[in-house]
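*Asks:*
Number of protein chains: 2
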Amino acid sequence: MSNPPSQRASATIEDVAKLAGVSIKTVSRVVNSEPNVRVSTKAAVQAAIAELNYQPNRSARSLAGRRSYLISLLYDTFLAQSAYIMRVQLGLLEECRKAGYELLIHPVNYESENLKETITRHISQSHIDGAIMTPPIADLLTVTNCFQQHNKPYVCLTPGRELRSGLSVETDNRFAAQKVTQHLLALGHTRFGFVRGHPDHLAMVQREQGFEDALREAAPALAQSAMRVQGYNTFQSGMEAAATLLALPEPPTAIIASNDEMAAGVIRYANERGLRIPEQLSVTGFDDSPIAEQIWPPLTTVRQPVQSMSVLAAKLLIAELSGKREGKGTTVEASELVIRGSTTKAPQQVSQK
Amino acid sequence: MSNPPSQRASATIEDVAKLAGVSIKTVSRVVNSEPNVRVSTKAAVQAAIAELNYQPNRSARSLAGRRSYLISLLYDTFLAQSAYIMRVQLGLLEECRKAGYELLIHPVNYESENLKETITRHISQSHIDGAIMTPPIADLLTVTNCFQQHNKPYVCLTPGRELRSGLSVETDNRFAAQKVTQHLLALGHTRFGFVRGHPDHLAMVQREQGFEDALREAAPALAQSAMRVQGYNTFQSGMEAAATLLALPEPPTAIIASNDEMAAGVIRYANERGLRIPEQLSVTGFDDSPIAEQIWPPLTTVRQPVQSMSVLAAKLLIAELSGKREGKGTTVEASELVIRGSTTKAPQQVSQK
DNA sequence: AGCCCAATTGACAGCGCTGTCAACATTCGC
DNA sequence: GCGAATGTTGACAGCGCTGTCAATTGGGCT
Chain A
8 MSNPPSQRAS ATIEDVAKLA GVSIKTVSRV VNSEPNVRVS TKAAVQAAIA ELNYQPNRSA
68 RSLAGRRSYL ISLLYDTFLA QSAYIMRVQL GLLEECRKAG YELLIHPVNY ESENLKETIT
128 RHISQSHIDG AIMTPPIADL LTVTNCFQQH NKPYVCLTPG RELRSGLSVE TDNRFAAQKV
188 TQHLLALGHT RFGFVRGHPD HLAMVQREQG FEDALREAAP ALAQSAMRVQ GYNTFQSGME
248 AAATLLALPE PPTAIIASND EMAAGVIRYA NERGLRIPEQ LSVTGFDDSP IAEQIWPPLT
308 TVRQPVQSMS VLAAKLLIAE LSGKREGKGT TVEASELVIR GSTTKAPQQV SQK
Chain B
8 MSNPPSQRAS ATIEDVAKLA GVSIKTVSRV VNSEPNVRVS TKAAVQAAIA ELNYQPNRSA
68 RSLAGRRSYL ISLLYDTFLA QSAYIMRVQL GLLEECRKAG YELLIHPVNY ESENLKETIT
128 RHISQSHIDG AIMTPPIADL LTVTNCFQQH NKPYVCLTPG RELRSGLSVE TDNRFAAQKV
188 TQHLLALGHT RFGFVRGHPD HLAMVQREQG FEDALREAAP ALAQSAMRVQ GYNTFQSGME
248 AAATLLALPE PPTAIIASND EMAAGVIRYA NERGLRIPEQ LSVTGFDDSP IAEQIWPPLT
308 TVRQPVQSMS VLAAKLLIAE LSGKREGKGT TVEASELVIR GSTTKAPQQV SQK
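Going line by line, the protein sequences match chains A and B. The numbering of the first sequence is my numbering, which starts it at 8 and goes up by one. The numbering of the second sequence is my numbering, which starts it at 8 and goes up by one.
Next up, the structure:
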């Protein structure tokens, strides 16, 4: 005879409590998986929740409690168009949805003067529970300190430095770059060009170190003669780097780019110049972003488990928020060399030392 | 002598009220730009707000009032990795930030059985004020009806159908496709291949109509002989479409793909087969996504003002939410033909009718 | 000056939930 | 079988803000 609560836009905790014949607080306990609820009570409450299709109100929860169930993804505006960030978003979203969190997307300019204020404001205004960030944001002490001060947990994806606090999910950039270089060495290449990544992105520096490691290990002279050019992670900067490298009197026969976009730029430039790839020039990238398979020839690169890393990052953060961190804060995921059509044996050289 | 409120994590409306010597409610009025506040009072309150760096608490606002300052972006999981969605996100984010809104990212599977429930739950649980959606989600009556029922405003980006209610930002797909086709006709092409877009994405159907329009206008026989192949908006499906088209006894000399990813797939397939582009085959895309400039040869395509359209969509929605809709709900933005290297004169034909 | 209407302001009751704490129920140890 | 320890439950007071409505003020007019 009473008004069915289903008519309401959404059932409240009170409706559930009434239906289950318990107090509001007990429903709250069940919803939040708190201990000390009798099994039979719990079942009754869950039945009521299911019947009313009850969804806790996030605003009320956030206002009353200490948690907002909001997680933020921070990245540089620069990356905003990258396939990398899309994959990160997907991974995070997947995990957030499972755990009942919402994801807030926050591109910020990492070079901005008032970055700290921007982030402080974001933290306090949006009431986020924690954040996940990618380089170069993750590499800024200003930012991580800010989170520390606010006592908000955060997870850095592939930070390029040791984290004083906070969690991280990393990958073996240096080792992977070493493997790429060794792959080219094994193909007989001796004249190398290296396209550096964005200098503020420390993971990029690690890639360069791996490159150096491999060359030095093979022959110090190689490291000597290899040419390094600065790039900025973009397709355009890859083209420019290629222009520089291929204009050398003794141009390289293999170019290692610190990411796929730049490698694609190199290939594109070489194509324009009529260079045949890989016969006349081998090119490698890093990341295995979609573009690696969409250009011709397809790119030899390093596959980063971006999506699984993001899922992991979300899991770490959510575990931390739930107060049940398992194990240590840093997790390393392996990457994998993917050999495609952009690399082959070095062209015949005039001489051999 | 009193404790400086700046020590607190964040100032509350009460702090501001005290400092300005007015009531909480008056501060609320100023914050929400409500009328009937004396200019001098308003100034005093604003000064206090500035001094305390006060940020209203979104949760409290949302709980007490009717607005959550949360907007959702709905799109199909399918699109989740596309450059298109990235650009949409950027545009929306830009505008949301200006207006103090947060953006919630919601990829959903448009083929899912319980899509309606998923969205209903999203609306009620996250307390969103409104949503912006892209096809194919925007083309589903189930979804738009759902928003209508909940009385939540929404904006559709390039919906393929007349909207019964709701706002939209559109572009002249049909006309643009016509222009592309005319460009190829002017280059002397007579054997056309058309790669259809995803059938559930109605804007893609409009593109096909534009193609038909142009052919019929030029010569009905052309429309007769043109070959249409189904694609699904992906690079991969573009490659498959190309395989079908180029295996024909009389393969086309020009292939019009309904988006850039598929066009890139066509070019990639042609490359693999050793076909020279554009000399032996002209290819066009649609959208002007980044890939258009990253492949070789660069793609002749139609530039969609995606970012400005998204900004506009956000503006429309926010205006609607603020109760001050200006003008009508549908806005059409112009697109532009961008001629690059993937199209040229038709190769010499054996005969001419 | 006196009266009325509109502009301006504030008191107060929640929004739906969680934290605190006290009340009550059950179990354990001996 | 009794007190203590523990498990289980609910009453209640807000969280920070907005909506409602009543109180107060200021002007314009006669």
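Cβ coordinates follow ideal geometry from the N, Cα and C atoms, glycine included. Model, not experiment: these values are computed from the prediction.
#1: Output yes if chain B places a C-beta closer than 8 Å to the C-beta of A/Glu109; else output no.
#2: Where does B/Gln355 fall in DSSP's three states?
#3: Within its chain, find whatever has a CB closer than 7 Å to the CB of A/Met8; leave out the 5 residues flanking it on each side and keep chain order.
#4: In its own chain, which residues sit with a C-beta less than 8 Å from the C-beta of A/Asn10, not counting the 5 before and 5 after it?
#5: Taking the C-alpha atoms as reference points, what is the distance between B/Glu27 and A/Thr178?
#6: Determine whether the Cβ of A/Asn152 lies closer than 8 Å to any Cβ atom of chain B.
#7: Exposed or buried, what is A/Thr350 when buried is set at 16 or more other beta-carbons lying within 10 Å of its beta-carbon?
#8: Helix, strand or coil, according to DSSP, for A/Ser175 in the structure here?
#9: Between the Cα of B/Ser317 and the Cα atoms of B/Glu340, B/Thr149, B/Gly204, B/Gly173, which residue gives the shortest distance?
#10: Could you list which residues in chain B have their beta carbon closer than 8 Å to that of A/Phe271, in chain order?
#11: Compute the Euclidean distance between the alpha carbons of B/Arg370 and B/Val38, then round it to the nearest angstrom.
#12: Are there 16 or more other CB atoms within 10 angstroms of the CB of B/Ala18, so buried, or fewer, so exposed?
#13: According to DSSP, A/Ile262 sits in a beta bridge with which residue or residues?
#14: Going by the CB atoms, is the gap between B/Val176 and B/Thr141 shorter than 8 Å?
#15: Candidates A/Ala254, A/Pro305, A/Pro256, A/Pro114: which alpha carbon is nearest A/Ala271's?
#16: So which residues on chain A does B/Asn180 lean against when the C-beta distance must stay under 9 Å?
#17: With 16 other CB atoms within 10 Å as the buried threshold, where does A/Gly72 fall?
#18: Take every Cβ of the stretch 137-155 of chain A, pair it with every Cβ of the stretch 77-84 of chain A, and state whether three or more of those distances are shorter than 8 Å.
#19: Report all residues from its chain with a CB closer than 7 Å to the CB of B/Glu219; omit the five preceding and five following residues, and keep chain order.
#20: Roughly how many angstroms separate the alpha carbons of B/Ile325 and A/Glu257, rounded to a whole number?
#21: Taking only the alpha-carbon atoms, compute the straight-line gap between B/Pro166 and B/Leu323 and give it to the nearest angstrom.
#22: Would the beta-carbon of B/Leu187 fall within 8 Å of that of B/Leu174?
#23: What are the residues of the stretch 227-247 of chain B that lie near chain A, defined by any Cβ-Cβ distance shorter than 8 Å?
#24: From the beta carbon of A/Leu100, is the nearest beta carbon of chain B less than 8 Å away?
#25: If you measure from the beta carbon of B/Arg73 to each beta carbon in chain A, is any gap under 8 Å?
#26: Please name the residue in B/Pro354, B/Glu120, B/Val115, B/Cys103 whose C-alpha comes closest to that of A/Ile112.
#27: Does the beta carbon of A/Pro354 sit closer than 8 Å to a beta carbon anywhere in chain B?
#28: So with CB distances below 8 Å, who are the chain A contacts of B/Ile298?
#29: Would you tell me roughly how many angstroms separate the C-alpha atoms of A/Arg168 and A/Ser296, rounded to the nearest one?
#30: Please go through the same chain and pick out, in chain order, the residues whose beta-carbon is closer than 6 Å to the beta-carbon of A/Glu327, but skip the five residues on each side of it.
#31: Leaving out the 5 sequence neighbours to the left and right, which residues in its chain are closer than 7 Å to B/Gly195 when beta-carbon positions are compared?
#32: Taking the Cβ atom as the reference point for each residue, do A/Arg203 and A/Met211 lie within a distance shorter than 8 Å?
#33: Between A/Ala321 and A/Ile139, is the Cβ-Cβ spacing less than 8 Å?
#34: Please decide whether B/Ala221 counts as near chain A, where near means a Cβ-Cβ distance under 8 Å.
#35: Helix, strand or coil for B/Asp220, going by three-state DSSP, please let me know.
#36: Does DSSP classify A/Tyr117 as helix, strand or coil?
*Replies:* Let me lay it out:
#1: Residue numbering aside, residue 109 of chain A sits at position 102 when the first sequence is read from its first letter. Residue-level contact by beta carbon holds for A/Glu109 and chain B, with a gap shorter than 8 Å.
#2: Position 348 of the second sequence, counted from the first residue, corresponds to residue 355 of chain B. Under the three-state reduction of DSSP output, B/Gln355 falls in the coil class, being neither helix nor strand.
#3: For the purposes of this step, residue 8 of chain A is identified with residue 1 of the first sequence, where counting begins at 1. Confidence is the limiting factor: at A/Met8 the pLDDT is only 36, short of 50, which leaves the residue's position unreliable, though a coordinate-based value still follows. For A/Met8, where only same-chain residues beyond five positions count, there are no Cβ hits under 7 Å.
#4: Taking the first residue of the first sequence as position 1, residue 10 of chain A is located at position 3. Caution applies to A/Asn10, whose pLDDT of 40 falls short of 50 and renders its modelled position unreliable; the value that the coordinates give is listed next. Correct list: empty, nothing qualifies.
#5: The sequence position of residue 27 of chain B within the second sequence is 20, counting from 1. The sequence position of residue 178 of chain A within the first sequence is 171, counting from 1. The sequence as given places Ala at residue 27 of chain B; Glu does not occur at that position. Cα to Cα, B/Ala27 sits roughly 53 Å from A/Thr178.
#6: For the purposes of this step, residue 152 of chain A is taken as the residue at position 145 of the first sequence. So no, A/Asn152 is outside the interface.
#7: In the first sequence, counting from the first residue as 1, residue 350 of chain A sits at position 343. The residue in question, A/Thr350, is buried, as its Cβ has 16 or more Cβ neighbours within 10 Å.
#8: As a position in the first sequence, residue 175 of chain A is number 168, starting the count at 1. Note: A/Ser175 maps to strand in three-state DSSP.
#9: Reading the second sequence from its first residue, position 310 is the one you call residue 317 of chain B. Ranking B/Glu340, B/Thr149, B/Gly204, B/Gly173 by Cα distance to B/Ser317 puts B/Glu340 first.
#10: In the first sequence, counting from the first residue as 1, residue 271 of chain A sits at position 264. Residue identity differs from the one stated: residue 271 of chain A is Ala in this sequence, not Phe. Within chain B, the residues Gln301 have their CB atoms less than 8 Å from the CB of A/Ala271, given in chain order.
#11: Because chain B is modelled from 8 through 360, residue 370 of chain B falls outside the range shown and cannot be assessed.
#12: Working through the second sequence from its first residue, we reach residue 18 of chain B at position 11. Of the other Cβ atoms in all chains shown, 16 or more fall within 10 Å of the Cβ of B/Ala18; this residue is therefore buried.
#13: The residue you call residue 262 of chain A lines up with position 255 of the first sequence. Paired residue(s): A/Gly200, A/Val290.
#14: On the second sequence, residue 141 of chain B is found 134 positions in, with the first residue counted as 1. On the second sequence, residue 176 of chain B is found 169 positions in, with the first residue counted as 1. Here B/Thr141 is not near B/Val176, since their CB atoms are 8 Å or more apart.
#15: By 1-based counting over the first sequence, the position of residue 271 of chain A is 264. Each of A/Ala254, A/Pro305, A/Pro256, A/Pro114 was checked against the Cα of A/Ala271, and the nearest Cα belongs to A/Pro305.
#16: Indexing the second sequence from 1 puts residue 180 of chain B at position 173. Result: empty, since nearest Cβ-Cβ is about 23 Å, beyond 9 Å.
#17: The count along the first sequence starts at 1 and reaches residue 72 of chain A at position 65. Residue burial annotation: A/Gly72 is exposed, with fewer than 16 other C-beta atoms found within 10 angstroms of its C-beta.
#18: Taking a contact to require three or more Cβ pairs closer than 8 Å, the stretch 137-155 of chain A and the stretch 77-84 of chain A qualify as touching.
#19: In the second sequence, counting from the first residue as 1, residue 219 of chain B sits at position 212. These residues qualify, in order along the chain: Ala230.
#20: Residue mapping note: residue 325 of chain B aligns to position 318 of the second sequence, counting from 1. Residue mapping note: residue 257 of chain A aligns to position 250 of the first sequence, counting from 1. Their Cα atoms are separated by approximately 59 Å.
#21: Here residue 166 of chain B is taken as the residue at index 159 of the second sequence, counted from 1. Here residue 323 of chain B is taken as the residue at index 316 of the second sequence, counted from 1. Separation of B/Pro166 and B/Leu323 (C-alpha to C-alpha, rounded to the nearest whole angstrom) is 15 Å.
#22: Taking the second sequence and counting its residues from 1, the one referred to as residue 187 of chain B is at position 180. Taking the second sequence and counting its residues from 1, the one referred to as residue 174 of chain B is at position 167. The question names Leu, but residue 187 of chain B is Val in the sequence shown. Result no, Cβ atoms of B/Val187 and B/Leu174 do not sit closer than 8 Å.
#23: Listed in sequence order: Phe242.
#24: Within the first sequence, the letter at position 93 stands for residue 100 of chain A. Yes, because at least one Cβ of chain B sits closer than 8 Å to the Cβ of A/Leu100.
#25: By one-based count along the second sequence, residue 73 of chain B stands at place 66. No, no contact with chain A.
#26: Here the question's residue 112 of chain A lines up with position 105 in the first sequence. Ranking the options by Cα distance to A/Ile112, first place goes to B/Cys103.
#27: Locating residue 354 of chain A in the first sequence gives position 347, where the first residue counts as 1. For A/Pro354, the answer is no, since every Cβ of chain B falls outside 8 Å of its Cβ.
#28: Along the second sequence, one-based indexing puts residue 298 of chain B at 291. Under the 8 Å cutoff, chain A gives Ile298, Gln301.
#29: Stepping through the first sequence from its first residue, residue 168 of chain A is reached at position 161. Stepping through the first sequence from its first residue, residue 296 of chain A is reached at position 289. Straight-line Cα distance between these residues: approximately 24 Å.
#30: Locating residue 327 of chain A in the first sequence gives position 320, where the first residue counts as 1. Short of 6 Å from the beta carbon of A/Glu327, and not among the five residues preceding or following it, lie these beta carbons of its own chain, in chain order: Pro160.
#31: Position 188 of the second sequence, counted from the first residue, corresponds to residue 195 of chain B. For B/Gly195, where only same-chain residues beyond five positions count, the Cβ hits under 7 Å are Lys352, Ala353.
#32: The count along the first sequence starts at 1 and reaches residue 203 of chain A at position 196. The count along the first sequence starts at 1 and reaches residue 211 of chain A at position 204. In this structure, A/Arg203 sits near A/Met211, with a CB-CB distance shorter than 8 Å.
#33: By one-based count along the first sequence, residue 321 of chain A stands at place 314. By one-based count along the first sequence, residue 139 of chain A stands at place 132. It is a contact, given that the beta carbons lie within the stated cut-off.
#34: Against the second sequence, residue 221 of chain B aligns to sequence position 214. Not a single C-beta of chain A is nearer than 8 Å to the C-beta of B/Ala221.
#35: Here residue 220 of chain B refers to the residue found at position 213 of the second sequence. DSSP places B/Asp220 within a helical segment (H, G or I) once states are collapsed to three.
#36: As a first step, residue 117 of chain A must be located in the first sequence, where it is residue number 110. The answer is coil: DSSP assigns A/Tyr117 none of H, G, I, E or B.
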